[in-house]
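In our numbering, the protein residues as written are 173 to 894. The C-beta atom is built at its ideal place from N, Cα and C for all residues, glycine as well.
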């Protein structure tokens with residue numbers, strides 16, 4: 173793995189003499205109280221400002237403050253004019269623009285494209301406090317407010333839209349967000365290294381146009397062949413032939429062979445019946461001056477197969493140890509993507525999380541609650557990144573596959589800080605986790621192998637033999653944390669990777685005995701091989717193995733505890749039959765889902781490319797062949813959700829019709845072997861999935877999961893026996 177300067181090795185900016193702000197200012201009056209005449213950097217965010225490391229604006233703001241910069245926050249500004257964008261004055265260095273902790277479109281709309289009534293990242297939880305495509309809108313307002321001030325965009329919304337991307341809400345491929353926002357730089361992934369270098373170089377007088385060599389950033393340049401760069405086109409249209417290996421598509425090639433390859437390329441382009449997209453083979457020689465040219469925006473917006481190919485290339489170039497630069501033409505401009513940032517070391521992670529956060533919402537919000545803060549205020553983030561590679565998930569695209577872990581001492585220090593300083597703490601830590609619950613300190617056994625690996629997942633189709641799966645450091649952390657004075661219980665609420673957990677019975681025992689509050693949420697996502705393959709998730713047999721261990725250790729601990737499995741409806745690769753079989757599994761195992769989620773194609777994810785193209789992007793993308801089932805359209809998506817809620821009478825008419833059309837009318841009846849009955853309760857059946865009016869309006873008692881009863885208290889309900 174390549175190295176990078178220590179995050180805190182820079183000489184501090186002169187303004188460090190102003191000291192640490194109790195909270196980063198959001199008004200001119202707060203700036204005056206700090207003795208500031210101006211801000212060096214102003215962060216514009218779509219979230220309410222919470223001075224907590226789980227909130228991006230706080231983490232980046234405090235980090236820049238530690239380097240001596242004066243940082244102001246403009247939170248959820250009125251975007252209809254520039255007034256709010258000028259209230260802190262003109263920043264000396266740049267505007268940093270982020271949509272917040274969520275993509276603004278995901279935040280605003282459901283998977284059925286309905287407007288959400290609430291926003292967990294807004295004070296009071298009310299919706300509508302941020303515009304659609306916030307990064308674009310905020311950037312434009314910043315530029316209108318102060319012409320010539322550099323605008324740097326970042327956060328998950330910018331990160332996941334850094335190249336031409338399929339946009340589910342408009343059902344088209346949109347340009348890179350840096351083109352629409354007209355920003356000077358785009359920071360993707362976790363942005364600590366990037367923003368610190370950007371700030372110091374701008375402070376040293378470098379023009380923003382010269383900042384083209386920073387890892388983890390994207391920028392625009394005039395479309396042209398750059399001198400000194402070895403440029404390789406990513407696509408080659410050819411007749412069917414031998415396919416590249418699916419895991420190692422980049423075979424070694426010398427520069428001397430380029431002339432021969434170019435001649436072959438011209439012959440192949442002229443060939444008839446062209447129907448296979450191949451991946452060019454790129455030499456790592458002179459990799460720092462090698463760039464892969466992706467298909468241009470005009471090509472991918474009109475050709476879903478080319479889009480699928482582009483998505484595959486992007487995902488293969490995400491390992492910071494070997495990723496090459498990428499470039500994509502947008503009209504007369506090129507969007508350049510530098511390789512991903514170097515992950516933070518444990519010492520750097522500790523220092524970032526040890527910054528002087530108040531761990532509270534800004535005082536301007538008074539007693540108003542911020543739901544997202546309430547959810548995490550008693551939790552601790554112990555790591556970042558995920559090597560699972562689930563195709564529907566955006567964690568890998570944003571945080572990367574390399575696990576970055578904090579030290580045990582740093583984590584314990586934060587637990588103690590919560591205990592001693594956080595209002596309302598009752599002795600229960602709600603979570604010690606991160607993107608996943610149990611990847612803490614897991615990594616490849618060999619750094620050289622890790623730096624050269626191009627696998628999309630370390631755990632699919634099976635756990636890699638080179639992966640260290642030792643859970644001992646995590647077990648020790650749990651034990652130490654739960655033994656602290658004043659700590660009654662440590663719960664684990666982050667998503668558990670159970671295919672890793674089953675490899676460590678000691679971990680499962682510790683988890684089940686001490687860290688489950690009666691119910692443990694877990695995400696098999698499906699039971700059928702088809703969708704699981706497209707998700708890159710383990711088979712349901714692994715879930716069964718984990719459940720056996722869970723039940724065994726729960727019994728040994730004298731506790732009655734339950735697993736709550738989560739599933740996704742209408743994921744690419746899912747057929748009606750798959751959903752029917754999942755419904756049968758749910759009924760056979762006594763589960764009744766109260767709320768279900770249909771798949772939402774998040775920008776730039778591999779599954780979104782599958783959804784758009786109908787191609788399996790986990791293997792060679794072919795024009796002929798490689799097609800997968802993609803449940804599109806409101807009718808089929810409602811049907812798939814209805815199968816998950818097979819027990820709801822509102823869904824029974826839809827399911828009866830579907831089962832008959834599938835030739836499975838044998839599942840309609842009143843016995844235990846049937847999925848749904850042949851009778852219909854009076855007053856039901858008119859409001860299936862996606863058509864419901866509120867239950868309050870209908871004066872109908874809500875259906876409950878088998879694990880809950882009326883009131884606020886969850887009980888230990890026994891699983892129904894079949």
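8 Å Cβ cutoff met for residue i and residue j
i	j	result
residue 626	residue 470	no
residue 656	residue 689	no
residue 332	residue 602	no
residue 240	residue 184	yes
residue 825	residue 853	no
residue 345	residue 389	no
residue 639	residue 612	no
residue 641	residue 604	no
residue 363	residue 232	yes
residue 734	residue 695	no
residue 329	residue 256	no
residue 707	residue 564	yes
residue 800	residue 744	yes
residue 607	residue 571	yes
residue 317	residue 254	yes
residue 310	residue 216	yes
Burial state of residue i (16 or more Cβ within 10 Å)
i	result
residue 678	exposed
residue 814	buried
residue 628	buried
residue 179	buried
residue 181	exposed
residue 808	buried
residue 631	buried
residue 308	buried
residue 897	With the chain covering 173 to 894 only, the question about residue 897 has no answer from this structure.
residue 466	buried
residue 811	buried
residue 192	exposed
residue 451	Here the model assigns residue 451 a pLDDT of 42, short of 50, so the residue's position is not dependable, and the following value carries that caveat. So residue 451 counts as buried.
residue 797	exposed
residue 361	buried
residue 908	No answer is possible for residue 908: it lies beyond the span of the chain, which begins at 173 and ends at 894.
residue 528	exposed
residue 186	exposed
residue 703	buried
residue 806	exposed
residue 855	exposed
residue 353	buried
residue 436	Unreliable placement is indicated for residue 436, whose pLDDT of 46 sits below 50; the coordinate value is still reported in the next sentence. Label assigned to residue 436: exposed.
residue 335	buried
Nearest-angstrom Cβ-Cβ length linking residue i and residue j, presumed shorter than 8 Å
i	j	result
residue 510	residue 394	No, residue 510 and residue 394 are not in contact; Cβ-Cβ is about 17 Å, not under 8 Å.
residue 793	residue 484	6 Å
residue 623	residue 494	6 Å
residue 658	residue 599	6 Å
residue 519	residue 587	No, residue 519 and residue 587 are not in contact; Cβ-Cβ is about 19 Å, not under 8 Å.
residue 692	residue 736	7 Å
For residue i, the first and last residue of its enclosing beta strand (DSSP E)
i	result
residue 502	497 to 502
residue 738	734 to 741
residue 402	402 to 405
residue 691	691 to 697
residue 731	Premise fails: residue 731 is in no beta strand (DSSP E) and is neither H nor E.
residue 216	213 to 217
residue 389	389 to 394
residue 603	603 to 605
Endpoints, alpha helix (DSSP H) assigned at residue i
i	result
residue 544	543 to 548
residue 654	644 to 654
residue 785	778 to 785
residue 276	276 to 280
residue 808	806 to 816
residue 352	349 to 353
residue 748	748 to 760
residue 482	476 to 488
Under 8 Å, with one C-beta from each stretch per pair, do the segment 280 to 296 and the segment 539 to 552 reach the 3-pair mark? Enough Cβ pairs lie closer than 8 Å, so yes.
Counting pairs of beta carbons, one from the segment 201 to 214 and one from the segment 507 to 526, are three or more of them closer than 8 Å? no
Please determine if the segment 718 to 727 and the segment 699 to 709 are in contact, where contact requires at least 3 C-beta pairs separated by less than 8 Å. no
Take every Cβ of the segment 837 to 852, pair it with every Cβ of the segment 783 to 793, and state whether three or more of those distances are shorter than 8 Å. Taking 8 Å as the limit for Cβ pairs, the verdict is that the segment 783 to 793 does not touch the segment 837 to 852.
When you compare the segment 255 to 271 with the segment 307 to 326, are there three or more beta-carbon pairs, one atom per stretch, that lie closer than 8 Å? At 8 Å Cβ cutoff, the stretches touch.
With contact counted as at least three CB pairs below 8 Å, one residue from each stretch, are the segment 751 to 762 and the segment 668 to 678 in contact? no
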